[in-house]
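Notes follow once the structure below has been shown.
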Amino acid sequence: MATTTTPRTPTRQDPDRQPADANHSGSQHGPRPVPLAVWPVGQRSAQYQRAGRYHPGCTTHPGKMLPDLARRIVVEYSQPGALVVDPMAGTGTTLVEAALVGRRAVGVELEARWAELARANAEHVLDPGARALVRVLQGDATDLATLLGEDAGEVDLICTSPPYACDVGNLDTTNWGAGHNLCATAERNYSADRANLGHARGPMYAQAMAAVYGACRAVLRPGGILAVVTKNTRRKGHLFDLAGLTVALAEAAGFTYLQHVIALHAAVRDGDLVARPSFWQRTQTSKAAARGEAVHLVVHEDLCVFSAGPAQLTSSSKETARAH
Ligand SMILES: C[S@@+](CC[C@H](N)C(=O)[O-])C[C@H]1O[C@@H](n2cnc3c(N)ncnc32)[C@H](O)[C@@H]1O
-15 MATTTTPRTP
-5 TRQDPDRQPA
5 DANHSGSQHG
15 PRPVPLAVWP
25 VGQRSAQYQR
35 AGRYHPGCTT
45 HPGKMLPDLA
55 RRIVVEYSQP
65 GALVVDPMAG
75 TGTTLVEAAL
85 VGRRAVGVEL
95 EARWAELARA
105 NAEHVLDPGA
115 RALVRVLQGD
125 ATDLATLLGE
135 DAGEVDLICT
145 SPPYACDVGN
155 LDTTNWGAGH
165 NLCATAERNY
175 SADRANLGHA
185 RGPMYAQAMA
195 AVYGACRAVL
205 RPGGILAVVT
215 KNTRRKGHLF
225 DLAGLTVALA
235 EAAGFTYLQH
245 VIALHAAVRD
255 GDLVARPSFW
265 QRTQTSKAAA
275 RGEAVHLVVH
285 EDLCVFSAGP
295 AQLTSSSKET
305 ARAH
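So this is what it looks like as structure tokens:
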């Protein structure tokens, strides 16, 4: 696929959107195009990517990154021996994939439950040599500098997927079929604890994520990379442009927007896209269609890539963008 350029993710009005992005892309010269790439990371289903490798307990976490996407981000934007950090580590997908390709990896996760699972996951997947490359810390992403200690300022790559400011939960279709809740309240949004950013919405979400990106900026080495996997969602008929908000917040924190990647979750088969909708997606999409909303299944996530400083894409990143 040829490299092309695209304007920044356009911002659209949404009632949940907050004004923190007043300056984003707001140069008087108009939006600056960034390189666009498409990565087909869904050739194998999410289940298949984890099966026989990841800790079985990972199924209890409701919002995991695709392992093939995490691996590709690490390979693309860091060198062997680099220090990779995920400040919202969940089950530790980034850490596992980073260690498998010879990077040091530190994860921070707010919930004791998920931090423990990330440790168990690293233990389960990695041999002792690779396991020694991984550290999992329980804490708040905004305390990143303190948590990293002497590694603060030395981080080469931050690879993360924040909560999406939309409901996530593990689906219990049997319960739902019996007329009860589709997902247990205690499981919704990663935790029953309202301090978890999975519960934050609107201006509160933007403010909290601004603090997280500020903390990321503070621990990256000059020219280090921040790679954020996001997904635009719809609520009550409105698009929530999380990719646009993420760009705005990261730029406000002092990052330079480098590249936009469409992480394709559909498989490409014989020139066609084969969607891999979850039960939840299928249900939501058909309900929206029944309400008369013109929506389709979303088959991608947006990966927004930034530099801590004015650095350019590495030549290997450019090569890969060209190759795809
Ligand atoms: C989208 S999930 C990340 C999933 C992870 N990439 C994986 O593959 O398992 C977001 C995670 O952020 C965690 N989180 C929420 N608020 C946080 C905070 N303030 N500091 C650190 N982690 C937080 C949630 O508990 C959740 O596990």
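Per the working numbering, residue -15 is the first one in the sequence shown, and the count goes up by one each step. From the three backbone atoms N, C-alpha and C, an ideal C-beta is built for every residue, glycine too. Computed from a prediction, not measured in an experiment: that's the story for all the values here.
*asked:* Could you give the first and the last residue of the continuous alpha helix (DSSP H) run that contains Gly228?
replied: Position 244 of the sequence shown, counted from the start, is the residue given in the question as residue 228. Segment 226 to 236, the alpha helix (DSSP H) holding Gly228.
*Go ahead and label Val245 buried or exposed: buried means 16 or more other beta carbons lie within 10 angstroms of its beta carbon, across all protein chains shown.*
Here residue 245 is taken as the residue at index 261 of the sequence shown, counted from 1. Per the 10 Å Cβ criterion, buried.
_Below 7 Å, is the gap between the Cβ of His309 and the nearest heavy atom of ligand 1?_
The question about residue 309 has no answer here: the residues shown for the chain are numbered -15 through 308.
_Buried versus exposed call for Gly255 [16 or more other C-beta atoms within 10 Å across all chains shown]_ = Your numbering for residue 255 matches position 271 in the sequence shown. Exposed, because fewer than 16 other Cβ atoms sit within 10 Å of the Cβ of Gly255.
*Can you name, in chain order, every residue of its own chain whose Cβ lies under 6 Å from the Cβ of Arg103, other than the five neighbours on each side?*
Here residue 103 corresponds to residue number 119 of the sequence shown, with the count starting at 1. Hits under 6 Å: Val120.
*With a threshold of 16 other CB atoms inside 10 Å of the CB of Pro147, please say whether the residue is buried or exposed.*
Within the sequence shown, residue 147 is the residue found at index 163, counting from 1. Its Cβ being crowded by 16 or more others within 10 Å, Pro147 is buried.
*In three-state terms, what does DSSP make of Ser270?*
Sequence index remark: in the sequence shown, residue 270 carries index 286 (1-based). Three-state DSSP puts Ser270 in a helix.
_8 Å Cβ shell around Arg260 - same chain, five flanking residues per side excluded_ = Translated into positions along the sequence shown, residue 260 becomes position 276. So the qualifying residues of the chain are Gly26, Ser29, Ala30, His249, Ala250, Ala251, Val283.
*Backbone secondary structure at Thr44 - three-state DSSP*: If you number the sequence shown from 1, residue 44 lands on position 60. Here Thr44 sits in helix by DSSP.
*Shortest alpha-carbon distance to Thr230 belongs to which of Met193, Cys42, Thr269?*
Sequence index remark: in the sequence shown, residue 230 carries index 246 (1-based). Among Met193, Cys42, Thr269, the Cα nearest to that of Thr230 is on Met193.
*Would you give the residue range spanned by the beta strand (DSSP E) that Val244 belongs to?*
Locating residue 244 in the sequence shown gives position 260, where the first residue counts as 1. It is worth fixing the name first, because residue 244 is His in this sequence and not Val. Looking at the DSSP string, the run of the beta strand (DSSP E) that includes His244 is 240 to 248.
*How would you call Arg87, buried or exposed, if buried means at least 16 neighbouring beta carbons within 10 angstroms?*
Stepping through the sequence shown from its first residue, residue 87 is reached at position 103. Flag for Arg87 reads buried.
*Near Tyr174, what residues of its chain come up, given a Cβ to Cβ distance below 6 Å and the 5 sequence neighbours on each side ignored?*
Residue mapping note: residue 174 aligns to position 190 of the sequence shown, counting from 1. Asn180, Gly182.
_Helix, strand or coil for Thr75? Go by DSSP, reduced to three states._
Counted from its first residue, the sequence shown places residue 75 at position 91. Here Thr75 sits in coil by DSSP.
*Within the same chain, show all residues whose beta-carbon is closer than 7 Å to that of Lys302, passing over the 5 residues directly before and after it, in chain order.*
As a working note, residue 302 is residue 318 in the sequence shown. With a pLDDT of only 47 at Lys302, under 50, the local geometry of the prediction cannot be trusted, and no value is derived from it.
*Tell me the start and end of each unbroken beta strand (DSSP E) in the stretch 114 to 164 that is at least 3 residues and wholly inside, in chain order.*
118 to 122, 139 to 144
*Among Leu101, Ser270, Leu67, Leu226, which residue has its Cα nearest to the Cα of Asp135?*
If you number the sequence shown from 1, residue 135 lands on position 151. The option with the nearest alpha carbon to Asp135 is Leu67.
_Using 8 Å as the threshold, is the C-beta distance between Ala292 and Leu226 below it?_
Numbered from 1 along the sequence shown, position 308 holds the residue referred to as residue 292. Numbered from 1 along the sequence shown, position 242 holds the residue referred to as residue 226. No. Outside cutoff.
_Cβ contact check for the stretch 94 to 109 and the stretch 29 to 46: 3 or more pairs under 8 Å_ = yes
*Could you spell out where the beta strand (DSSP E) holding Arg218 opens and where it closes?*
Residue numbering aside, residue 218 sits at position 234 when the sequence shown is read from its first letter. Run containing Arg218: 217 to 219, per the beta strand (DSSP E) assignment.
*asked:* What residue range does the beta strand (DSSP E) around Asp52 cover?
replied: The residue you call residue 52 lines up with position 68 of the sequence shown. From DSSP, Asp52 is part of no beta strand (DSSP E) but of the alpha helix (DSSP H) over 51 to 61.
*Pick from Arg185, Pro19, Cys200: whose alpha carbon is nearest that of Asp70?*
Translated into the one-based positions of the sequence shown, residue 70 becomes position 86. Of Arg185, Pro19, Cys200, the residue nearest in Cα terms is Cys200.
*From the DSSP output, in three-state form, read off Gly276 for me.*
Translated into positions along the sequence shown, residue 276 becomes position 292. In this structure, Gly276 counts as coil in the three-state DSSP scheme.
*Any chance the CB of Glu285 is under 7 Å from a heavy atom of ligand 1?*
Looking up residue 285 in the sequence shown gives position 301. Not so, every heavy atom of ligand 1 lies at least 7 Å from the Cβ.
_Backbone CA spacing between Val212 and Met49 [nearest angstrom]_ = For the purposes of this step, residue 212 is taken as the residue at position 228 of the sequence shown. For the purposes of this step, residue 49 is taken as the residue at position 65 of the sequence shown. Looking at the two C-alpha atoms, the distance is approximately 11 Å.
_Strictly under 8 Å for the Cβ-Cβ distance: is Gly238 near chain B by that measure?_
In summary, chain B is missing from the structure at hand, where a single protein chain is found.
_Separation of Ile142 from Gln243, as counted between CA atoms_ = Taking the sequence shown and counting its residues from 1, one reaches residue 243 at position 259. Taking the sequence shown and counting its residues from 1, one reaches residue 142 at position 158. Going by the C-alpha atoms only, they are around 15 Å apart.
*How big is the Cα-Cα spacing for Ala89 and Ala273?*
As a working mapping, residue 89 is identified with position 105 in the sequence shown. As a working mapping, residue 273 is identified with position 289 in the sequence shown. Cα to Cα, the separation comes out at about 43 Å.
*Is Ala73 near ligand 1, with its Cβ less than 7 Å from a heavy atom?*
Locating residue 73 in the sequence shown gives position 89, counting from the first residue. Yes, ligand 1 has a heavy atom inside 7 Å of this Cβ.
*How big is the Cα-Cα spacing for Phe290 and Gly163?*
For this step, residue 290 is matched to residue 306 along the sequence shown. For this step, residue 163 is matched to residue 179 along the sequence shown. So the alpha carbons of these two residues sit roughly 45 Å apart.
*Leaving out five residues before and five after Pro51 in sequence, what residues of the same chain have Cβ atoms less than 7 Å from its Cβ?*
Taking the first residue of the sequence shown as position 1, residue 51 is located at position 67. Closer than 7 Å at the Cβ level, and outside the excluded window around Pro51, lie Gln33, Arg34, Thr77, Glu81.
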